[in-house]
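Written below as structure tokens is the structure these notes are about.
There are 2 protein chains.
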Amino acid sequence: MTQDIAARVSAEELGRFMREALRRCDVDETAAEAVARALLTASRMGTDSHGLRLLPHYIRALQGGRIQARPAMRFTRRLPATGYLDAGDGLGHPAGYQAIERAIEMAEETGMGAVAVGNSSHFGAAGCYALEAARRGYMGMAFCTADALVNLHDGTNAFHGTNPIAFAAPVAAGQPYLVDMATSSIPWNRVQQYRAIDRTLPSNVVVDDRGGLTTDPHTAASLLPLGGADFGFKGAALAGMVEVLSASLSGMLHGFRLLPMLGEDMHTPRGIGHFFLVMNPGAFVEREVYERAIAAYLEDLRAQPAVEGREVLAPGDREWRCQAQRDAEGIPLDSANVAAYRQLAEALDVEPLPLT
Amino acid sequence: MTQDIAARVSAEELGRFMREALRRCDVDETAAEAVARALLTASRMGTDSHGLRLLPHYIRALQGGRIQARPAMRFTRRLPATGYLDAGDGLGHPAGYQAIERAIEMAEETGMGAVAVGNSSHFGAAGCYALEAARRGYMGMAFCTADALVNLHDGTNAFHGTNPIAFAAPVAAGQPYLVDMATSSIPWNRVQQYRAIDRTLPSNVVVDDRGGLTTDPHTAASLLPLGGADFGFKGAALAGMVEVLSASLSGMLHGFRLLPMLGEDMHTPRGIGHFFLVMNPGAFVEREVYERAIAAYLEDLRAQPAVEGREVLAPGDREWRCQAQRDAEGIPLDSANVAAYRQLAEALDVEPLPLT
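Quick mapping for you: the protein sequence lines, in order, are chains A and B. Letter by letter, the first sequence follows residues 0 to 355 of numbering that gives the first Met the number 0. Letter by letter, the second sequence follows residues 0 to 355 of numbering that gives the first Met the number 0.
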């Protein structure tokens, strides 16, 4: 959100461009739609690290063969509430939306449904999939491994990915309760941004290559788990939970063994694992009881007094506010985004984004 | 673990005392056994805040009528994978173990099972219940609300409880992967301990009564969520997830509205909500695939180099080590514990603990 704004584009036009660019790489309509939907969801809500900036990366991975344009996805319902989706080394986004869809179908019957996904790839923001469940009236959770960027507590080097936890719960009169958080304090691209502008990082979020605390983005070698040097055992434990759910339950490699997302090799599939869980609130108490309880909770939460000059928000509130603003004003692109999308348009012979 | 050690007792003798003391308060055998099991599990693992020190509190709550000695517990299986347990204002521990039992039964059939528990009371350490699932070969999760001790991000006052997240995953050759963490950096009783010995608290974990950072235990009015003043929105979001799962899904009051655990009123039931989730790893991939994957993950984790003078551990490793030591040497009591247990023995006419 601190980027330079070089131009703006409507969500509609951006979606059109994304779908066309992906179709040029032989991606089928459903998959192209899923990628556009996930990236637009993130870009509209202000999660710029997981929005439109990722498209050029996905295109490179498709062109290199790391990601299959026409994967043989295969879902197996193993028990009434559980299933496994083999994503066939395709795009992670259609895999994620299909997993949520299957989990919802199972939750309809049994109250809950969960799907482990294997042989997948980067799926954008985990929150998109949890949110999809909440939009349909279910609680949703989504987890994913990623390559090593975050230290263990008291470790010298990166071991876990930024392993996100996403949780969304439906709210009858209003937007869902939406958590989508990395289990590190900051994302790695924050370090890269601060390097570029030579800005000091907050304390207790990164370490140098021997595991020592630093605030210098140039010597920062890896991230600390949430909780920092003193309480990072909690962030690391959560990252490990995400790892066990996403990698062990899908039989995929854990983050430390994954090929790096931004490495040289754009040919070898990474074999990412995800995990999705859906619950029907009405399967525990009467739907109205749940709806009253969460509404009362959020009402109390939003009424709490704030520290001078700050504001108390429920998770997601900042994102819905950003979404309303961007739906009105357009989605911002920085100068690097503008150049990357111009290049894509030329290379793939897609009508350029109409920027304003 | 920094307590003064006034005496030690074997887990066996301590369990015998707990069961007898509870039986004197008209608690039935199954419930007394559940309380003893949960408190011993915590005391053996070194989680002293949730171990033997809680028995006198439970006895007071039973004698005051806040907790029913003979509750009418009622389980309803609402859908194949979900259920609701009305704990009848009884002890939280038998409710917790029964909920895990039911969830395991459902997971046997459908791959997963979850139980929301309402009209319950304090259940000790959340980890006990997740651990029980893991001991039986399942993944377990446990969540619970508590009365307000932790601020929202940028809030001036306490709103959430220390809302724990517990997660345990079975490991074929070894102890389970076990996370049991409050969503604040430190527990409130750490503040009380530091007050007593006039010791400065770590920075970024507590605030004064206007929400300003302090390290003085005497002016500390509430806890910050995990992540501290800068990244506490993550800890607060996790606490909120726990609140929604435990309170909204059980139709109970959220933490901000709960009667305080240590308040004057020992007569009115508190109406605590818990939430338990069990999954069968073999319901997603073949059991052996899961077992190999989690073993490989933990092997890599434990082999990571540590910062000078520290050690890299998997969540739970410290606890298993403590348990082995305490099983050999006995469970330590500080002087306050010794006095409290002597008093209980007299008041309830139970044979005193044989202390060494």
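Built from N, CA and C at the ideal position, the CB exists for glycine as well. This structure is a prediction, so every number in the text was calculated from the model and none was measured.
- In this structure Ile66 (chain B) is buried. Its beta-carbon is surrounded by 16 or more other beta-carbon atoms within 10 angstroms.
- Per DSSP, reduced to three states, the secondary structure at Val349 (chain A) is coil, with no helix or strand assignment.
- Contact of Gly226 (chain B) with chain A by beta-carbon distance below 9 Å involves Ser184, Leu225, Gly226, Gly227, Phe230, Gly234.
- In the pairwise beta carbon analysis, the stretch 57-65 of chain B is classified as touching the stretch 15-34 of chain B: at least three pairs are separated by under 8 Å.
- Under the DSSP assignment, Cys143 (chain B) falls in the beta strand (DSSP E) whose first and last residues are 138-143.
- Below the 7 Å Cβ cutoff, chain A contributes Tyr296 as neighbours of Glu242 (chain B), in chain order.
- Taking C-alpha positions only, Leu258 (chain B) is separated from Ala35 (chain B) by approximately 25 Å.
- The count of Cβ pairs closer than 8 Å, one atom from the stretch 180-198 of chain A and one from the stretch 204-220 of chain B, stays below three, leaving the stretches out of contact.
- Using beta-carbon distances, Tyr176 (chain A) counts as an interface residue toward chain B, with a partner under 8 Å.
- The three-state secondary structure of Pro314 (chain A), taken from DSSP, is coil.
- Contact of Ile293 (chain B) with chain A by beta-carbon distance below 7 Å involves Val243, Ser247.
- Closest by C-alpha distance to Glu318 (chain B), out of B:Leu130, B:Leu53, B:His92, is B:Leu130.
- Beyond the five residues adjoining it in sequence on each side, Arg76 (chain B) comes within less than 8 Å, by CB distance, of Gly82, Arg101, Met105 in the same chain, given in chain order.
- In this structure, the alpha-carbon of Val190 (chain A) lies about 9 Å from that of Asp215 (chain A).
- A Cβ of chain A is located within less than 8 Å of the beta carbon of His253 (chain B).
- In the structure shown, the three-state DSSP call for Ile293 (chain A) is helix.
- Residues of chain A whose Cβ lies closer than 9 Å to the Cβ of Glu310 (chain B) are, in chain order, Asp153.
- The C-alpha of Arg194 (chain B) is placed about 17 Å away from the C-alpha of Asp333 (chain B).
- Residues of chain B whose Cβ lies closer than 8 Å to the Cβ of Val306 (chain A) are, in chain order, Asp153, Gly154, Thr155, Arg209, Gly210, Gly211.
- Taking the Cα positions, Leu38 (chain B) is about 7 Å away from Gly123 (chain B).
- Secondary structure of Arg69 (chain A) (DSSP, three-state): coil.
- Pairing Val241 (chain B) with Gly227 (chain B) gives a Cβ-Cβ distance that is not under 8 Å.
- Against chain A, the beta carbon of Val26 (chain B) has no neighbour under 9 Å; the closest one sits roughly 27 Å away.
- Interface with chain B (8 Å Cβ-Cβ cutoff): Phe166 (chain A) is included.
- Counting along the chain, Arg309 (chain B) sits inside no alpha helix (DSSP H), nor does DSSP assign it H or E at all.
- Taking all protein chains shown into account, Thr267 (chain B) has fewer than 16 neighbouring C-beta atoms within 10 Å of its C-beta and is therefore exposed.
- With contacts defined as CB atoms closer than 8 Å, Ser249 (chain B) and Ala115 (chain B) qualify as a contacting pair.
- Contact between Glu12 (chain A) and Pro331 (chain A) fails: their C-beta atoms lie close to 14 Å from each other, not under 8 Å.
- Residue environment analysis places Asp3 (chain A) among the exposed positions, since fewer than 16 neighbouring C-beta atoms fall within 10 angstroms of its C-beta.
- Scanning the stretch 129-196 of chain A for uninterrupted beta strand (DSSP E) segments of 3 residues or longer gives 138-143, 157-159, 164-168, 176-180, listed from N- to C-terminal end.
- Leu276 (chain B) and Ile99 (chain B) have their C-alpha atoms some 8 Å from each other.
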